[in-house]
Structures are given as C-alpha cells and as structure tokens.
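This report refers to the structure that appears directly beneath it.
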Ligand SMILES: *Cc1c(COP(=O)(O)O)cnc(C)c1O
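Okay, structure coming up:
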C-alpha cells in the first residue's frame, strides 16, 4: 500500500512586517499526520516494494516524525520494522507511543554505537533469511531530495495558477534533505526563490556543507550540469536560531507557538516549525531595524510534526 500524496493546501496566512506570508501545509498531507517525512517515506516505500525487500530498518529518536511515518507505512504493508534509536534521546512522546502502537521493534543503543548497531541488525536479519531495506535517518538521500523537488514543482504550479511569485521560502532544516530538494527544484525550474533553511540543530560550516553535498549528489544523479559556485550561493543554511539544540524547549519558540495557534489556528512545535517560524519573524524584524524591510511575498513551508505540538501542549499544562 502506497498513500496518495496530493498537493498540500497553500494559502495566504497573514501580512507581517510588510510581507505577504503564505503557508504550504505539508502537515496536512493525508497519511500519518503528514509532514515532510510522509513525502519522503512515500518514495522510499515505492523503492522498497520494487526492490523485493521484506522488512525495514531505520534510525531516529523516539520523538522522530520520520520513524513514526516509516513504522506506520511498514505496518500498513505488513512488514516488520526495526527502529535503531539512541538511548540518550529516548523520551516518551506521542510519536514514541505511535511507533510502539505500529508494532515496530525499537533497539536502543548509545549514540556512539549507532552505525555498528545498524550493521549488526541488518546482518542478523539477513542471517534469519530476511531481505531488509535500510532507510537513512530522516529519509536522507536522493529519494528524500526528490520528494522536495516535487514539492518545489507544486509551489511553482501554485504561483502560476494564482498569478503570484514568491521571493523567499522559509522552513525548518534538519538533515537538510528538504532544503536540498527545494534548492534543486528552484534550480531546475528556473525560479528565483531565496530558499532560506532555518537550522534546528546543526551549525555551519557542517550544516550548510551537508545541504550542498546533497544538492550536488542529486543533480549528478539526474545528469544536470551546474555551476558549483552558483549552487553554493543558493544554499542559505541559517544556524543562528538553534537555541539549546535538537528538541530542547525554547522560550522564544514557545511564545511564538502560542501566538501563531491563537492568531491563525496553525499548530507548530518546539523542535522544528516553531523555531523556524520564530526565526522568520526575527529576520524580518532585523531587516526592518536595518532599514532593509521591503514588501515581499514569502512562503512558509509547514514541514509537519503535529504529534510534537501535542507534546508541547502537554508539557505546558503539566498534565
Ligand atoms: C525532519 C523534520 C524537519 C527537517 O527536515 P530535513 O529534511 O531533515 O531537513 C523539519 N520539520 C519537521 C516537522 C520534521 O519532522
């Protein structure tokens, strides 16, 4: 079973600091609470079903949206699924409960042993006569990039049919696969978007380098000629808003999440989308203070994580 991924709803959200802000609701994609991991996992499962594999292994923390979607798709296809998870970030979250509920096996290991544990798990399964397929953490790789090249196509279609043109695109950037896809998409479609990834954890130069490597890997696979310098200039990986790191709560993000929910009925979370939305408003405020504020049409890609919104709510109310 492969879920349909129709174009995600896109609409004008508000005007903020002279910018027209539109939102693309990838969180509303209709499988397992959607999100960018649903887009990516859809393509990985297409590959899994074509490859004749009979079981799935992936990697991620217990709060991972990626592991939730993969465990759900594995269950829907009657395939055993094992999640290798770092013990250090093991937390009881709604995603963790869903992953358990889908019957995925969770193998905890120290974060330093992740690579070895993945190899060991794959070996054990092969010895037991199975044909396992490994999905990299977060759905990283050319298939994940491809998922966001297709999203870029949807964005371009939205522009054409609504007679608008986006100047900038903001979103939360983690492994950078989503960003790589949007950069490749804007390149292939000849769109002048400034694709602005807000890092939720990684610092530069590593974070930006990984995005750039993913962009090049994808364009090479597609035999697309590119000028390395212009491609490097198209990667804006902003590491100024990582706060206390992956998954850590942040007072700024928390305030932003409350305001955006109250004002627009739009749920965000502390790990990804709350950080990115807050960063976007901060960047506009800085530009205005620096005398550079000008009217623009901006797209915020809501990359999902609805279960994390409820973790936030639970932590707020302390129930
Ligand atoms: C994983 C995730 C991201 C980051 O996506 P990458 O492709 O890894 O950069 C952003 N937002 C949400 C909600 C996610 O689950």
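Numbering (this note's numbering), first residue to last: 53 to 371.
From the three backbone atoms N, C-alpha and C, an ideal C-beta is built for every residue, glycine too.
As the structure is a prediction and not an experimental result, all values here were calculated from the model.
By the 10 Å Cβ neighbour count, where 16 or more other Cβ atoms means buried, how is residue i classified, buried or exposed?
| i | result |
| --- | --- |
| residue 199 | buried |
| residue 63 | exposed |
| residue 156 | buried |
| residue 368 | exposed |
| residue 319 | buried |
| residue 138 | buried |
| residue 94 | buried |
| residue 322 | buried |
Mind checking which residues open and close the alpha helix (DSSP H) that includes residue i?
| i | result |
| --- | --- |
| residue 278 | Premise fails: residue 278 is in no alpha helix (DSSP H) and is neither H nor E. |
| residue 240 | 229-241 |
| residue 103 | 88-103 |
| residue 315 | 303-316 |
| residue 118 | 117-128 |
Round the Cβ separation of residue i and residue j to the nearest angstrom and send it over; I've been treating them as touching at under 8 Å.
| i | j | result |
| --- | --- | --- |
| residue 189 | residue 227 | 7 Å |
| residue 173 | residue 109 | 6 Å |
| residue 92 | residue 196 | 4 Å |
| residue 262 | residue 224 | Their Cβ separation, rounded to whole angstroms, is 15 Å, which puts residue 262 and residue 224 out of contact at 8 Å. |
Just to confirm my understanding: we take residue i, look at its own chain, exclude 5 residues before and 5 after, and list those with CB closer than 7 Å. What are they?
| i | result |
| --- | --- |
| residue 220 | 245, 246, 248, 348, 350 |
| residue 204 | 233, 234, 237, 238, 241 |
| residue 296 | 302 |
| residue 243 | 208 |
Closer than 8 Å, CB to CB, is residue i near chain C or not?
| i | result |
| --- | --- |
| residue 362 | In the structure shown, chain C cannot be found, because there is only a single protein chain. |
Can you find the residues in the same chain that come closer than 6 Å, C-beta to C-beta, to residue i, ignoring five residues on each side of it along the sequence?
| i | result |
| --- | --- |
| residue 66 | 73 |
| residue 154 | 123, 124, 127 |
| residue 100 | 185 |
| residue 53 | 128, 129 |
Start and end of the beta strand (DSSP E) containing residue i?
| i | result |
| --- | --- |
| residue 113 | No beta strand (DSSP E) holds residue 113; DSSP gives it neither H nor E. |
| residue 325 | No beta strand (DSSP E) contains residue 325, which is instead part of the alpha helix (DSSP H) from 325-341. |
| residue 353 | 348-354 |
| residue 201 | That residue, residue 201, is in no beta strand (DSSP E); its alpha helix (DSSP H) goes 194-214. |
For this session: Check whether the stretch 303-312 touches the stretch 328-335, counting contact only when three or more Cβ pairs, one atom from each stretch, lie closer than 8 Å.
Result: yes
Exercise. How about the stretch 111-121 and the stretch 142-158: do they share at least three Cβ pairs that are nearer than 8 Å?
Worked result: yes
Exercise. Do the stretch 205-218 and the stretch 174-188 make contact, defined as three or more Cβ pairs closer than 8 Å?
Worked result: no
Exercise. With contact counted as at least three CB pairs below 8 Å, one residue from each stretch, are the stretch 70-79 and the stretch 350-359 in contact?
Worked result: Yes, the stretch 70-79 touches the stretch 350-359.
For this session: Answer yes if the stretch 120-134 comes into contact with the stretch 152-166, meaning at least three C-beta pairs across the two stretches below 8 Å, and no otherwise.
Result: yes
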